[in-house]
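The next block holds one structure in the form of structure tokens; read it before the comments.
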Amino acid sequence: MSDLLTIPAPHEPWKVSDPLFTAQQLITHLGTPLLAALITVLSPVSGYSGFFVVWLPLHVITAGLLGKYGHRKKDFANTTLEVLMGAALVVFGTFVASVMWPVVSNGIAGFHFSLLTQDASATEVDAPLNVGGMGHAILGSLIIVGAATAISVPIGVLAALYVTEVRGKLTPFVRFFVQAMSGVPSIVAGLFVYAALVVSGLLQFSGLAGAIALSILMLPTVARTAEEILRLVPDDLRTAALALGGTQWRVVRMVVLPAARSGLITAAILGIARVAGETAPLLLTAFGNTAFNANPVSDSMSALPLYVFSQMLLGGENDVARAWVACLVLLVIVGVLFTTARVVASKMKKA
Amino acid sequence: MAVTFGWPPSRLPSVHSGFGWTKPLLRIPDTPSAHHFPVTTIESPATQAPTPRNIPVVRRVSDRVFRGILIAGGLAAFIILSGIFGYLAKSATPVLKAFGFEFFTGSVWYSGDGLLASEGSVDPAQFGLLPMLWGSLLIAFVAVAIALPLAVGVALAVTYMIPKKLALPLTIFIDLVAAIPSIVFGLWGFYVLMPHGALWAQWLNTNLSWVPFFQVEFPAFEQSPFMAGIVLAIMITPIIAAVAREIFAAVPRDLITGAQALGASRWTLIRDVVLPFGRGGIIGGAMLGLGRALGETIAVFFVLQLFTEGTNWFHILESSGGSVASLIVSRFGEAQPLELSALFGAGLALFLITLLANAGATAIVAASTRKRK
């Protein structure tokens, strides 16, 4: 009787515990890099690149041999493919780490709080790190990117609304050109604004000109993300609102847009993250400056990427240190924006 | 032919025959007893099918205005693109008129005293874009050649090797790398990569100099197309990987399980199912990366020595190269009106090439997506 009451544990035949195989895997994938490191140290080849050159063929060979003669046989092509996929991850990860690490370490090493609050108008070439800073560039970035957001988000959302709400004959046309626009090189956007607004005398080199150039780059990102988000709004909501007698304008304003609100915020944030680090278009439009300037329509304006660029061209040891700090600030801003966008988007998907 | 209304009773299951009247599923006599149902019989000629009633829709003013605004927003991309083309072409006219097609085929970029020979210049300016155009393409090809295997490997690993729990954070991480500003890559390329990269280039040159690509005339290995290509490769790898991963993740589950049921290993599965299926995505992603690499400015600016007096055709390790975008940035500050016009012409050429690459990528990805459905 008691036999009937006990519930048998579910069988999971795909989860085979095979300690021998696990040990073999560990030996292959941990032992080989260690062996390669040993060979690198003992032999004339040296450095990270030397290690890589030794390790990759060695790993292919050990994995292949253990696949052929070890426990649980595997084809040579199969083990090689696995090693190569892993190697792609390792190489990509190493490069990315080598990009991130100097920014973080040099950025923290050169950090002075005054760097964030002062401007660079009194900073001479290679001046010590506690003299002057990037306050003007941070202010400029805020103004330029803020203005670019104010220009491109409404237009981008309108373009997305055209595709999802009007669904007219022009839809493929609109999508094609938004897609094509996302490939416009940033320097070309800068040249365009320079030719159309600065040369013609409508604007000076100014924050607003920079903002317009950035909004050209931001528009396709916003439009495409917003379109994806607006597609997630269920059609039932639209038809229900229409059935209640709403005009299309009221349906969009009172039902569709509120339903997609957090997603549209994501779109805006992703757009900001896309352009916050753009340098080339700003060189031709906002031009760069060393003093605080809060007026977007008159006089040139600096921005964080421009600050990095100019400090790097100065080339002194302390100038480059300042450039690394500015890079760190930029990277932190972009990272925070990007993570926020992801969190908002994932919350929306769950809701 | 007589069509009867009121019979059969509407509660009976019926099927729409597609010609405007309802056909009962149950056979019921055509003429029921008049005691039970009131029956009206209408004689109508069989040739005259009932036409659908036309319901006129008069949109409110608010809606018409709203639609107008939406159409304007939808056309914004087109307007901006044609504006870019128009303004660049207009600003480049002086140089295009003076040099004609030679502007794209000439191989010397020299500003001289900023005047043309026809204007009585003693040191005439000469603007040929070929070294820069070819240089941009060369760098972009090097970048794609490095990035493509890397990106496909990463995408395959994320989709088919890494445990699911790790795959999502890794995907987000790859997207984040795509968002790293190009100026950071410029700084990294100049201060971190170049010392290492020069050693790799030297090694390639000494050990593989029988490959024509790896020969150099002057043994200076920094600031070469190879170096710029590496920097761009790291920048476009996440872009290609994102496109490829999306396509790999879209391989139908039944194809995969079917292949596995037939005894496919990971290698045969990828070779025979995943790669053929995702070919369009891989090629499209590569072209997308190519377009991005062609247009990249600042990261290239720091790691490439521009050479404006001849074309470096394929010596990728040579410390002389070209890049249209980089040329624009480096010459913009000191350009006189004529050279400025030439720079607009360079921008126009760059714009058209990237547009072409991007349109091609979109078409290929779209075609492979359509095939999937």
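Protein sequence lines, in the order shown, are assigned to chains A and B.
Each residue of the first sequence is one higher than the one before, starting from 1228 at the first, in the working numbering.
Each residue of the second sequence is one higher than the one before, starting from 926 at the first, in the working numbering.
Where is the CB? At the ideal position from N, CA and C, for every residue including glycine.
Asked	Found
Cβ separation of Ile1071(B) and Ala1158(B), assumed to be a contact under 8 Å, to the nearest whole Å	4 Å
Distance between beta carbons of Phe1202(B) and Val1168(B), contact taken as under 8 Å	Not really, about 14 Å apart at Cβ, beyond 8 Å.
Short-range partners of chain A found in the segment 1227-1254 of chain B, where Cβ spacing is below 8 Å	Phe1227, Ala1250, Ile1253 and Val1254
Closer than 7 Å to chain B by CB, Thr1448(A)	no
Counterpart residues of Leu1231(B) in DSSP-defined beta bridges	Gly1246(B)
Contact test: Ser1255(B) Cβ vs the ligand GDP heavy atom, cutoff 6 Å	Absent from the structure shown: the ligand GDP. Ligands present: none.
Against chain B: residues of the segment 1410-1421 of chain A by CB proximity under 8 Å	Gly1410, Val1411, Pro1412, Ser1413, Ile1414, Val1415, Ala1416, Leu1418 and Phe1419
Inter-residue Cα distance where the pair is Val1136(B) and Glu1142(B)	14 Å
Ala1002(B) beta carbon less than 7 Å from that of Val1405(A)	yes
Local Cβ density within 10 Å of Thr1506(A), reported as buried at 16 or more and exposed below that	buried
Alpha-carbon spacing of Leu1247(A) relative to Ser1244(B), whole angstroms	53 Å
Member of His1238(A), Val1571(A) and Gly1515(A) whose CA lies at the smallest distance from the CA of Leu1366(A)	Gly1515(A)
is_contact[Ser1271(A), chain B] using C-beta, thresh 7 Å	Sequence check: residue 1271(A) is Pro here, not Ser. No, because no Cβ of chain B sits closer than 7 Å to the Cβ of Pro1271(A).
C-beta atoms of Leu1564(A) and Ala1487(A) nearer than 7 Å	no
Neighbouring residues, chain A, relative to Ala1284(B) (Cβ below 7 Å)	Ala1407
Assumed close pair Phe1052(B), Phe1024(B) - CB separation to whole angstroms, cut-off 8 Å	6 Å
Below-7 Å beta-carbon distance, Phe1404(A) vs any chain B residue	yes
Cα-Cα separation between Phe1232(B) and Gly1490(A), rounded to whole angstroms	47 Å
Proximal chain B residues relative to Val1401(A), where beta-carbon distance stays under 8 Å	Gly999, Leu1000, Ala1002 and Phe1003
Backbone CA spacing between Thr1306(A) and Ile1087(B) [nearest angstrom]	15 Å
Residue-chain proximity (Tyr1012(B), chain A), Cβ-Cβ < 7 Å	yes
Every unbroken alpha helix (DSSP H) within the segment 1014-1055 of chain B, with a cutoff of 4 residues, ordered by chain	1027-1030
Cross-chain neighbours of Arg985(B) in chain A, by beta carbon under 7 Å	Thr1474
Any C-beta of chain A under 7 Å from that of Trp946(B)	For Trp946(B), the predicted structure reports a pLDDT of 49, less than 50, and the residue's modelled location is therefore unreliable. A value from the coordinates is still provided. So no, Trp946(B) is outside the interface.
Exposed unless 16 or more other CB atoms sit within 10 angstroms - verdict on Gln1475(A)	buried
Minimum C-alpha distance to Leu1200(B) - residue among Gly1188(B), Ala1218(B), Ile1181(B) and Ala1186(B)	Ile1181(B)
Distance, Val1479(A) Cα to Gly993(B) Cα	14 Å
Assigned exposure category for Asp1546(A) - 16 Cβ within 10 Å defines buried	buried
Pairwise C-alpha distance: Leu1533(A) and Ser1293(B)	41 Å
Interface residues of chain A facing Pro1275(B) [CB-CB closer than 7 Å]	Pro is not the amino acid found at residue 1275(B); the sequence shown has Leu there. Those within 7 Å of Leu1275(B) in chain A are Pro1412 and Val1415.
Below-7 Å beta-carbon distance, Pro874(B) vs any chain A residue	This structure leaves residue 874(B) out entirely; chain B is present only between 926 and 1298.
Chain-ordered neighbours of Ala1082(B) on chain A, where CB pairs are closer than 8 Å	Met1312, Gly1313, Ala1315 and Leu1316
Of the residues Pro1262(B), Arg1256(B), Gly1209(B) and Leu1275(B), the one placed nearest Val1069(B), counting alpha carbons only	Gly1209(B)
7 Å Cβ cut-off: residues of chain A touching Trp1192(B)	Asp1302, Ala1304, Asn1305 and Leu1308
8 Å contact criterion, which Gly1373(A) and Ala1450(A) should meet: CB distance rounded	19 Å between Cβ atoms; not a contact.
Inter-residue spacing [alpha-carbon to alpha-carbon] between Trp946(B) and Arg989(B)	In this prediction, Trp946(B) has a pLDDT of 49, which is less than 50 and means its spatial position is unreliable; nothing more can be read from the coordinates.
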